[in-house]
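Here the sequence shown is numbered in numbering that gives the first Met the number 0, starting from 0 and rising by one per residue. Glycine included, C-beta positions come from ideal geometry on N, C-alpha and C. A quick note: this is a predicted structure, and the numbers were derived from the prediction, not measured.
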Amino acid sequence: MQPIGGEQMSQVWEGRRVAVIAGCRTPFARSGTLFRDLTSIELGTFAVRELLQRAELPAAEIDEIIYGTVISSPLAPNISREVGLSAGIPPTAAAYSVSRACASSNQAITSAADTIARGYADTIIAGGAESLTDIPILFSRRLRNRLVAASRAKTPLAKLKAFAGLRLRELAPVTPAIAEPSTGETMGESAERMAKENGIAREAQDAWALRSHRRAAEGTEDGRLRQEIATIFIPPDYETVADRDNGIRTDTSMEKLAALPPVFDRKDGSVTAGNSSPLTDGAAAVLLMSEEKAKALGYEPLGYIRSYAYAALDPADQLLQGPAFAAPIALDRAGITMQDIELWEIHEAFAAQVLSNFQWLDSDSFARERLGRPQKIGLIDEERINVMGGSIALGHPFGATGARLTTTLLNEMRRRDLGLGLVTVCAAGAMGFAMILERDG
Ligand SMILES: CC(C)(COP(=O)(O)OP(=O)(O)OC[C@H]1O[C@@H](n2cnc3c(N)ncnc32)[C@H](O)[C@@H]1OP(=O)(O)O)[C@@H](O)C(=O)NCCC(=O)NCCS
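See the structure below:
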């Protein structure tokens with residue numbers, strides 16, 4: 000295995016400084032519940048409209064919108080363009096969509112930041128949306144071939160002939176799986192394998208999940224999480240109001256979590272519905288500007304992007320360990336160490352993944368053997384990690400989570416008056432993301 004390092008590590012931020020002005024999101028709703036009749040475009044539109052209102056920014060100021068999604072609609076593959084147009088952003092503002100699995104809105108943010116840093120744009124909205132309820136369901140390849148042949152046929156008889164010998168099983172729908180195309184392994188199976196290989200006990204996973212729910216409940220009750228959430232009157236009747244995440248279980252406990260059966264290895268497994276992030280619908284967006292533009296418009300930015308890094312490993316290896324590879328690079332690029340980090344938002348795909356990321360980051364042998372470094376990266380005090388819970392409790396609309404983490408972190412850094420924060424995300428394809436955000440003292 001090649002150690003990550005060398006040239007990548009010496010790079011520093013180049014170009015103009017990029018400010019995060021504001022961020023907001025829809026509530027996150029368990030799939031098939033509150034947002035079951037909304038598309039990801041509609042969800043994204045709610046987030047972007049609210050962002051513009053909160054920032055009190057005329058839409059004409061937006062140079063570009065970059066949006067991420069994972070399961071895109073074949074009917075509107077450039078979600079960014081559709082969200083921008085329906086949110087009232089002028090049609091003259093360009094729009095493109097990105098997909099980097101669960102780090103898609105992180106990709107949107109870093110693509111926006113790079114564009115601003117180079118001076119190609121001053122003001123960009125970046126974010127992402129996901130509906131895991133409104134997913135495209137396909138037909139089998141054989142049936143699709145028949146349908147294409149029928150559509151090309153010139154006579155009714157030729158059309159009919161395209162379906163000759165049709166078998167019942169060809170009619171079976173094909174739904175997208177959360178599985179690696181290269182290995183066939185699902186995310187949950189990967190998390191299960193990581194739990195076993197790293198010796199992450201069921202109890203430790205459940206304890207992390209409980210912590211996630213407790214903190215998310217506190218953050219909701221005291222208003223910190225609701226501050227970043229746009230209240231939505233849900234169409235078509237606009238009678239149901241969503242103003243908070245609906246996956247937070249205030250009544251869960253270690254006993255209840257311990258009683259849940261393992262899902263991905265029913266016999267010897269430890270990963271359950273309780274210690275996994277649930278399938279979720281939602282959207283999020285952040286407003287990015289060059290520092291100069293922000294000053295000219297009189298904004299006091301939430302913070303600035305200091306550095307970021309993506310890294311990847313072999314999907315057949317520990318699929319969700321990307322953050323353990325990306326964080327050291329982002330820290331180096333920022334010229335700081337893990338010990339300088341005052342607050343950390345880590346995406347919780349699974350408790351087994353979070354605890355595995357911690358284990359590798361805190362391991363000298365991992366640092367030596369996999370990163371080619373003499374010493375471990377280390378961790379910070381757990382009290383400064385996911386202080387309002389994480390994706391296990393709040394939910395995880397794939398394309399939106401990265402923008403949610405960025406907003407949550409910066410809002411809390413402002414409340415606590417902190418200077419340096421870290422966002423990390425693991426993503427399908429065995430990729431990892433890390434970003435250092437800073438506030439001026
Ligand atoms: C794990 C997973 C398969 C569970 O799906 P599910 O079975 O539909 O989950 P549910 O929410 O219905 O939970 C199953 C049961 O556990 C219970 N449960 C879940 N979390 C609980 C908790 N914290 N406390 C108590 N009970 C809990 C539910 O109430 C439900 O009970 P019921 O069957 O009596 O209604 C699904 O959430 C999943 O695939 N998650 C991973 C998604 C993923 O891979 N994401 C990518 C990561 S980057």
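Range of the contiguous alpha helix (DSSP H) that encloses E191 | 186-197 is the span of the alpha helix (DSSP H), which, as asked, contains E191.
Measure the C-alpha to C-alpha separation of N274 and A59 and round it to an integer number of angstroms.
-> Counting only the Cα atoms, A59 lies some 44 angstroms from N274.
What residue does the alpha helix (DSSP H) around W207 start on, and which one ends it?
-> For W207, the enclosing alpha helix (DSSP H) covers residues 201-220.
T122 lies in the beta strand (DSSP E); which residues open and close that run?
-> T122 -> beta strand (DSSP E) spans 122-129.
At what residues does the beta strand (DSSP E) containing L287 begin and finish?
-> Run containing L287: 279-289, per the beta strand (DSSP E) assignment.
Using a threshold of 7 angstroms, is the CB atom of R248 nearer than that to any non-hydrogen atom of ligand 1?
-> Yes, ligand 1 has a heavy atom inside 7 angstroms of this Cβ.
Residue interval of the beta strand (DSSP E) (run including M430) | M430 -> beta strand (DSSP E) spans 430-437.
Can you list the alpha helix (DSSP H) stretches of 4 or more residues lying completely in the stretch 63-127, in chain order?
-> Qualifying alpha helix (DSSP H) stretches, in chain order: 78-85, 103-116.
Extent of the continuous alpha helix (DSSP H) run through E49 | 39-54 is the extent of the alpha helix (DSSP H) around E49.
Endpoints, beta strand (DSSP E) assigned at E344 | For E344, the uninterrupted beta strand (DSSP E) run begins and ends at 342-345, by DSSP.
Excluding sequence positions up to five away, which residues of its chain have a Cβ less than 7 angstroms from the Cβ of V333?
-> Before going on, a small fix: residue 333 reads as Ala here, not Val. R305, S306, I435.
Quick one: using the 10 Å Cβ neighbour count with 16 as the cut-off for buried, is L37 buried or exposed?
-> With 16 or more other Cβ atoms within 10 Å, it is buried.
For R24: DSSP bridge partner residues | Answer is I228, A283.
Any heavy atom of ligand 1 within a distance shorter than 7 angstroms of the CB on T251?
-> Yes.
Local conformation of C425 per DSSP, three classes = The DSSP-derived three-state label of C425 is strand.
If you run the structure through DSSP and keep just helix, strand and coil, what is A323?
-> Helix.
A111 vs A93 beta-carbon contact at 8 angstroms | At least 8 angstroms separates the beta-carbon of A111 from that of A93.
For S150, verify whether its CB is less than 7 angstroms away from any heavy atom of ligand 1.
-> Result no, Cβ not under 7 angstroms from ligand 1.
Residues near V173 in its chain [Cβ-Cβ closer than 8 angstroms; skip 5 each side] | Hits under 8 angstroms: I136, L137, F138, S139.
Extent of the continuous beta strand (DSSP E) run through R305 = 302-311 is the span of the beta strand (DSSP E), which, as asked, contains R305.
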